[in-house]
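What follows is one structure encoded as structure tokens, with my remarks underneath.
Number of protein chains: 4
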Amino acid sequence: MINMSSPIRVTVWSEYRHEKNNPKVTGIYPEGIHGAIAGFLGKQADITVRTATLDEPDHGLGGSVLDETDVLVWWGHMAHGEVSDEIVAKAKTRVLEGMGLIALHSSHKAKIFTSLMGTSGSLKWRMSTDKERLWNLMPSHPITQGIGEYFEIANEEMYGEPFGIPTPDELLFISWFTGGEVFRSGATWNRGSGRIFYFRPGHETLPTYHQAEVQTVITNAVRWAHTGVRTEADVCPKSEPLEPLPEA
Amino acid sequence: MINMSSPIRVTVWSEYRHEKNNPKVTGIYPEGIHGAIAGFLGKQADITVRTATLDEPDHGLGGSVLDETDVLVWWGHMAHGEVSDEIVAKAKTRVLEGMGLIALHSSHKAKIFTSLMGTSGSLKWRMSTDKERLWNLMPSHPITQGIGEYFEIANEEMYGEPFGIPTPDELLFISWFTGGEVFRSGATWNRGSGRIFYFRPGHETLPTYHQAEVQTVITNAVRWAHTGVRTEADVCPKSEPLEPLPEA
Amino acid sequence: MINMSSPIRVTVWSEYRHEKNNPKVTGIYPEGIHGAIAGFLGKQADITVRTATLDEPDHGLGGSVLDETDVLVWWGHMAHGEVSDEIVAKAKTRVLEGMGLIALHSSHKAKIFTSLMGTSGSLKWRMSTDKERLWNLMPSHPITQGIGEYFEIANEEMYGEPFGIPTPDELLFISWFTGGEVFRSGATWNRGSGRIFYFRPGHETLPTYHQAEVQTVITNAVRWAHTGVRTEADVCPKSEPLEPLPEA
Amino acid sequence: MINMSSPIRVTVWSEYRHEKNNPKVTGIYPEGIHGAIAGFLGKQADITVRTATLDEPDHGLGGSVLDETDVLVWWGHMAHGEVSDEIVAKAKTRVLEGMGLIALHSSHKAKIFTSLMGTSGSLKWRMSTDKERLWNLMPSHPITQGIGEYFEIANEEMYGEPFGIPTPDELLFISWFTGGEVFRSGATWNRGSGRIFYFRPGHETLPTYHQAEVQTVITNAVRWAHTGVRTEADVCPKSEPLEPLPEA
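Order-wise, the sequence lines are chains Y, V, B and S. The first sequence begins at 29 in this note's numbering and counts up by one. The second sequence begins at 29 in this note's numbering and counts up by one. The third sequence begins at 29 in this note's numbering and counts up by one. The fourth sequence begins at 29 in this note's numbering and counts up by one.
Laid out in structure tokens, this is it:
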């Protein structure tokens with residue numbers, strides 16, 4: 029076990045495809061979704077940020093990047109299938125060792141998220157004119173500090189239940205949508221030594237990651253997910269007895 | 029959703045390798061571990077059993093076998109890596125649709141189990157002269173009916189904590205071992221529409237599956253894991269609004 | 029431990045005050061809320077029902093009533109404080125022994141519910157013209173059988189988050205309300221050997237308990253909460269060692 | 029909601045009866061069990077400690093003491109029944125508002141603990157020559173930092189399963205006892221805005237609270253249980269709609 033010192037080393041990963049192919053998305057996120065998230069996280073004194081994207085070699089997660097990452101933020105959507113199984117396996121092992129994972133929005137279907145959940149990640153969806161109101165169920169949780177009873181996003185993609193996840197360890201937010209649906213939009217799980225937070229908002233054609241409350245939640249989540257601990261993920265040791273055993 | 033009628037259709041799967049290669053194991057389980065388990069389950073009026081093994085085509089799980097299985101019992105050990113990823117994916121989908129899964133002993137490292145857990149399945153182990161005493165934590169649970177405060181297995185392989193699993197939905201048994209270790213030896217999880225039970229006992233060189241209490245627990249678990257329900261595992265439907273939306 | 033035979037013995041308890049004091053409520057529930065619920069439960073071949081109300085001696089729960097009850101259904105609202113602590117303590121003990129409890133609507137503040145939860149039961153509320161839509165999160169659960177993706181109640185009192193409960197073992201329903209709120213409207217917990225289900229709908233001035241889906245959920249819940257098991261609630265036995273101890 | 033500044037204000041409460049009546053206990057804990065615990069906590073730069081005992085007016089918890097307490101440590105045994113219901117109700121409300129609670133050893137039967145759990149707190153017990161070995165199930169948890177795979181207490185009272193608690197949110201320690209029993213000896217729960225940790229060791233006739241690992245766990249637990257948040261415990265507000273409602 030290694031106690032690592034501050035600052036928190038965050039890697040923000042995104043596909044970075046919509047931003048290059050869709051002028052509307054480019055206009056909202058000229059530096060990419062990863063760039064926008066890295067932008068507000070990087071302003072925090074206790075956080076250092078790097079970014080990584082799908083089309084870089086090893087998706088930007090090769091070499092020592094994962095080893096040097098305390099919390100990984102993930103945004104994927106149209107190209108989940110292009111993420112290499114080998115990189116996913118390495119990232120999953122790092123989570124089990126103690127790296128935090130913040131899975132955003134359409135990452136409900138990212139391999140790194142579904143492989144840690146063991147479920148489908150399935151949900152209902154609709155891109156329309158819905159308003160989203162996120163109700164805060166745990167006002168004492170570190171992730172909801174600075175958020176009041178609820179906050180609203182004037183326009184967001186709708187995600188609806190049933191959401192194909194295991195029962196969360198903690199359910200922090202439930203969303204109300206204009207069109208009549210509800211969704212577990214903020215939830216945490218422990219997996220091995222790692223902490224995982226799923227946070228729903230963030231459709232690429234909307235300026236969601238520029239909204240103050242969304243930035244607050246993600247920043248809080250980074251601090252919460254940073255355990256400062258690293259354990260071995262999978263050792264299965266043969267173990268000597270600690271008490272006398274009978275003769276064979 | 030389909031409500032399926034009784035009896036419960038169980039498929040008992042085992043590697044069936046130790047039984048062919050190790051005369052000691054052959055002596056204890058001449059019909060294979062799958063054969064021993066199918067033997068006692070098949071005596072129940074409400075259960076019909078078939079078996080399947082690693083070296084059959086598609087590991088015995090091809091065609092309509094999984095579709096016609098309500099509860100899958102799994103025992104693997106030395107050849108987890110030889111189980112095809114494609115068959116594992118099909119079996120996992122069936123669990124998410126509502127098939128029950130009973131994962132036995134060394135199946136803590138079976139792909140079907142770890143892929144549904146999202147964790148390593150790691151644990152401590154020792155094959156020696158330990159006695160195992162399983163304490164019953166939930167005397168009202170369907171799986172523990174007929175089991176008193178505890179039961180003992182005179183000699184079993186030791187498995188010790190920490191066990192690389194997510195927090196169980198229900199923790200039914202904790203084991204005490206002579207050599208000084210403890211283990212969460214009976215636990216349940218929901219994944220999608222499926223119910224999963226992990227049960228620790230069953231080293232291949234010991235007659236564990238011939239013991240009455242072990243048979244009672246597995247038989248109870250089969251009935252508990254049978255939901256009688258089948259849902260689609262992963263649909264992600266586009267969904268029309270149920271309430272009026274504002275103009276774009 | 030006693031295995032009790034069918035049928036399931038249900039006691040439906042309600043305050044029976046609004047029905048006597050408010051003509052609107054009398055019109056909807058001429059036999060009382062308990063009478064309406066007992067009416068539809070009593071039509072089931074596997075269920076026998078009796079009723080009990082606040083103003084009876086011992087609130088109708090004295091003598092052997094609780095001993096002879098497998099599942100207790102509870103509806104209280106304006107007179108929680110008039111329920112005797114002694115009767116609550118007896119009912120709580122019976123839950124820990126294995127009696128099921130279905131707590132309905134305003135029973136979020138009933139002593140029997142909050143004393144088993146350990147929390148406040150606090151929530152937001154509004155009696156207005158809201159529609160309630162209950163989304164089904166666990167389509168494979170016994171309590172949701174016969175309910176599709178969701179069902180609607182044309183007009184109900186609004187209950188909103190945060191709801192002062194411990195994290196449910198299983199979250200079955202989340203409600204959407206017209207006025208913009210959400211609520212965990214169906215949830216389960218184990219306490220001792222007993223199973224507890226909280227179900228939100230049922231304001232006294234509305235005909236909610238006459239609606240088919242609501243009756244289906246309550247009927248399913250009674251069957252689910254019936255464990256058929258009775259254990260001692262609280263024994264704290266001095267226990268002899270099962271293995272040799274060192275000399276003092 | 030009030031963000032409170034450091035240091036963490038801890039109140040250590042104990043019955044302080046055995047220490048006055050039993051010379052053996054007096055010898056081990058001349059300043060009382062509360063005094064011993066306050067002693068090692070008070071050496072931490074980020075913690076300020078006061079103590080309170082049963083026989084003081086209001087058990088030492090009157091006036092503003094609870095308001096000024098961030099984390100309450102509780103040790104009771106022979107006189108649970110003498111603790112006033114009114115003080116317990118106040119302390120419980122403070123937990124729901126965000127005060128941490130560390131319940132030690134025989135406090136499994138303290139009113140403040142069982143009223144927050146909603147269960148009996150029942151367990152098996154034996155005062156004999158057992159050794160206790162506490163296995164660390166969550167090496168990444170803040171409460172287990174500085175504890176390795178396990179630690180041993182050379183002699184402790186045995187507590188055995190089944191333990192009458194709700195499923196813990198997190199299970200940190202399972203104990204092995206020489207005499208053949210197991211016990212969930214370290215576990216956490218959220219209740220309202222408060223965090224609760226139950227920790228098993230600490231029989232009054234043994235020097236358990238002088239042992240380094242026990243002190244480390246309790247010190248870690250105090251820091252973990254300090255949320256720095258205060259919410260209202262129970263408000264049940266009438267709430268205006270956030271979206272337009274239909275006409276009545």
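Even glycine gets a Cβ: it sits at the ideal position worked out from N, Cα and C. Treat the numbers as computed from the prediction; the structure is a model and nothing was measured.
For Y/T76, which residues from the same chain have a beta carbon less than 8 Å from its beta carbon, with the 5 sequence-adjacent residues on both sides left out? Looking up residue 76 of chain Y in the first sequence gives position 48. Within the same chain, Y/T76 has close Cβ partners P35, I36, R37, V38, G70.
Is Y/I246 helix, strand or coil when you go by DSSP? Your numbering for residue 246 of chain Y matches position 218 in the first sequence. In the structure shown, Y/I246 sits in a helix (DSSP, three-state: H, G or I).
Backbone secondary structure at Y/R37 - three-state DSSP: The count along the first sequence starts at 1 and reaches residue 37 of chain Y at position 9. If DSSP states are grouped into helix, strand and coil, Y/R37 belongs with the strands.
Please list the segments of the alpha helix (DSSP H) lying wholly inside the segment 59–87 of chain V, counting only runs of 4 or more residues, in order along the chain. 60–69
Cβ shell of B/Y178 (< 7 Å), same chain only, five flanking positions each side left out: Residue numbering aside, residue 178 of chain B sits at position 150 when the third sequence is read from its first letter. For B/Y178, where only same-chain residues beyond five positions count, the Cβ hits under 7 Å are R161, L162, W163, N164.
Reduced DSSP category for B/M32 - H, G, I as helix; E, B as strand; rest coil: As a working mapping, residue 32 of chain B is identified with position 4 in the third sequence. Caution is warranted here: a pLDDT of 43 is assigned to B/M32, below 50, making its placement in the model unreliable, and no coordinate value can be reported.
Examine chain B for any beta-carbon lying closer than 8 Å to the beta-carbon of Y/E184, and answer yes or no. Counting from 1 along the first sequence, the entry for residue 184 of chain Y is found at position 156. With 8 Å as the cut-off, Y/E184 does not count as an interface residue toward chain B.
Spatial distance of V/T147 from V/G192 (CA atoms): Counting from one through the second sequence, the residue named residue 147 of chain V turns up at place 119. Counting from one through the second sequence, the residue named residue 192 of chain V turns up at place 164. Their Cα atoms are separated by approximately 6 Å.
Between the Cα of Y/T206 and those of S/H133, S/E271, S/V263, spot the shortest distance and give me the residue it belongs to. By 1-based counting over the first sequence, the position of residue 206 of chain Y is 178. The shortest Cα separation from Y/T206 among S/H133, S/E271, S/V263 belongs to S/E271.
Could you give the DSSP three-state label for S/E198: helix, strand or coil? Here the question's residue 198 of chain S lines up with position 170 in the fourth sequence. If DSSP states are grouped into helix, strand and coil, S/E198 belongs with the strands.
Suppose contacts are defined by Cβ-Cβ distances below 8 Å. Is Y/K159 in contact with Y/A182 by that definition? If you number the first sequence from 1, residue 159 of chain Y lands on position 131. If you number the first sequence from 1, residue 182 of chain Y lands on position 154. Yes, Cβ-Cβ distance for Y/K159 and Y/A182 is below 8 Å.
Are the C-beta of B/R45 and some C-beta of chain S separated by less than 8 Å? By one-based count along the third sequence, residue 45 of chain B stands at place 17. Chain S contact via Cβ: absent.
Who pairs with Y/E13 in a beta bridge, going by DSSP? Since the first residue of chain Y shown is 29 and the last is 276, residue 13 of chain Y is not available in this structure.
By Cβ distance below 6 Å, which residues in the same chain neighbour S/W41 in space, the five residues on each side in sequence not counted? One-based indexing of the fourth sequence puts residue 41 of chain S at position 13. Excluding positions up to five away in sequence, the list reads A80, W102.
Between S/G90 and the rest of its own chain, which residues show a CB-CB distance below 8 Å, the 5 nearest in sequence each way excluded? Within the fourth sequence, residue 90 of chain S is the residue found at index 62, counting from 1. A distance below 8 Å between beta-carbons, with the five flanking residues on each side excluded, links S/G90 to the following residues of its chain, in chain order: I115.
Looking at S/M106 and S/H231, is the spacing between their C-beta atoms short of 8 Å? Sequence index remark: in the fourth sequence, residue 231 of chain S carries index 203 (1-based). Sequence index remark: in the fourth sequence, residue 106 of chain S carries index 78 (1-based). It is not a contact, given that the beta carbons lie outside the stated cut-off.
Ordered along the chain, which non-local residues of its own chain (more than five positions away) have a Cβ less than 7 Å from that of S/A249? Taking the first residue of the fourth sequence as position 1, residue 249 of chain S is located at position 221. Same-chain partners within the cutoff: I130, I171, F225, F227.
Report the option in B/G220, B/G126, B/I140, B/V242 whose CA atom is closest to the CA atom of B/E180. Position 152 of the third sequence, counted from the first residue, corresponds to residue 180 of chain B. Of the candidates B/G220, B/G126, B/I140, B/V242, the one whose C-alpha sits nearest the C-alpha of B/E180 is B/V242.
Are the beta-carbon atoms belonging to V/E43 and V/L82 less than 8 Å from one another? Taking the first residue of the second sequence as position 1, residue 43 of chain V is located at position 15. Taking the first residue of the second sequence as position 1, residue 82 of chain V is located at position 54. With contacts defined as CB atoms closer than 8 Å, V/E43 and V/L82 qualify as a contacting pair.
Coarse secondary structure for S/V93, derived from DSSP in three states: Here residue 93 of chain S is taken as the residue at index 65 of the fourth sequence, counted from 1. DSSP places S/V93 in coil when its eight states are reduced to three.
Would you say B/I30 lies against chain V (beta-carbon separation less than 8 Å)? Counting from one through the third sequence, the residue named residue 30 of chain B turns up at place 2. Reliability fails at B/I30, whose pLDDT of 39 lies under 50, so the model's placement of it is uncertain and the value that follows must be treated cautiously. At a cut-off of 8 Å between beta carbons, B/I30 makes no contact with chain V.
What's the C-alpha gap between V/D98 and V/D74? For the purposes of this step, residue 98 of chain V is identified with residue 70 of the second sequence, where counting begins at 1. For the purposes of this step, residue 74 of chain V is identified with residue 46 of the second sequence, where counting begins at 1. When rounded, the distance between both Cα atoms is 12 Å.
Under three-state DSSP, which class holds V/E271? Here residue 271 of chain V is taken as the residue at index 243 of the second sequence, counted from 1. Reduced to three states, the DSSP call for V/E271 is coil.
Take every Cβ of the segment 260–276 of chain S, pair it with every Cβ of the segment 112–127 of chain S, and state whether three or more of those distances are shorter than 8 Å. yes
What residue range is occupied by the uninterrupted alpha helix (DSSP H) comprising Y/T216? Here residue 216 of chain Y refers to the residue found at position 188 when the first sequence is read from its first residue. Here Y/T216 belongs to no alpha helix (DSSP H); instead the beta strand (DSSP E) covers 210–219.
Between which two residues does the beta strand (DSSP E) carrying B/I140 extend? Along the third sequence, read from residue 1 onward, the residue named residue 140 of chain B stands at position 112. It is not in any beta strand (DSSP E) - B/I140 instead sits in the alpha helix (DSSP H) that spans 139–145.
Can you tell which of B/N50, B/G104, B/M166, B/E185 has the C-alpha that lies nearest to the C-alpha of B/V210? As a position in the third sequence, residue 210 of chain B is number 182, starting the count at 1. It is B/E185 whose Cα lies nearest to the Cα of B/V210.
Nearest-angstrom beta carbon gap, V/A119 and V/L100 [assumed within contact, 8 Å]: Start at 1 with the first residue of the second sequence, and residue 100 of chain V comes out as number 72. Start at 1 with the first residue of the second sequence, and residue 119 of chain V comes out as number 91. With a Cβ gap of about 6 Å, V/L100 and V/A119 count as contacting.
Contact residues within the segment 138–167 of chain S, judged by C-beta distance below 9 Å to chain Y: Those residues of the segment 138–167 of chain S that come within reach of chain Y (Cβ to Cβ, closer than 9 Å) are K159, R161, M166, P167.
Let's see if you can read the secondary structure: which residues bound the alpha helix (DSSP H) around B/A119? As a first step, residue 119 of chain B is located in the third sequence; it is residue number 91 there, counting from the start. Where B/A119 is concerned, the enclosing alpha helix (DSSP H) stretches over 113–125.
Over what stretch of residues does the alpha helix (DSSP H) that includes V/V53 continue unbroken? Looking up residue 53 of chain V in the second sequence gives position 25. It spans 51–56 - the alpha helix (DSSP H) in which V/V53 sits, taken as one unbroken run.
In chain order, what residues of the same chain lie with their CB nearer than 6 Å to the CB of B/G214, ignoring the 5 residues before and after it? Position 186 of the third sequence, counted from the start, is the residue given in the question as residue 214 of chain B. Within the same chain, B/G214 has close Cβ partners L200, F201, F227.
Top-ranked residue by Cα proximity to V/D86, from V/G220, V/D197, V/D113, V/H46: Indexing the second sequence from 1 puts residue 86 of chain V at position 58. Residue V/D113 is the option with its Cα nearest to V/D86.
Evaluate S/P194 with the Cβ neighbour count: other Cβ atoms within 10 Å of its Cβ, from every protein chain shown; 16 or more gives buried, anything less gives exposed. Taking the first residue of the fourth sequence as position 1, residue 194 of chain S is located at position 166. Its Cβ being crowded by 16 or more others within 10 Å, S/P194 is buried.
At 8 Å on the CB atoms, spell out the chain Y contacts of S/G126, in chain order. The residue given as residue 126 of chain S occupies position 98 in the fourth sequence. Within chain Y, S168 have C-beta atoms less than 8 Å from the C-beta of S/G126, given in sequence order.
Going along the segment 230–259 of chain V in order, which residues come within less than 7 Å of chain Y, judged by CB to CB distance? Taking 7 Å as the Cβ-Cβ cut-off against chain Y, none of the residues of the segment 230–259 of chain V qualify.
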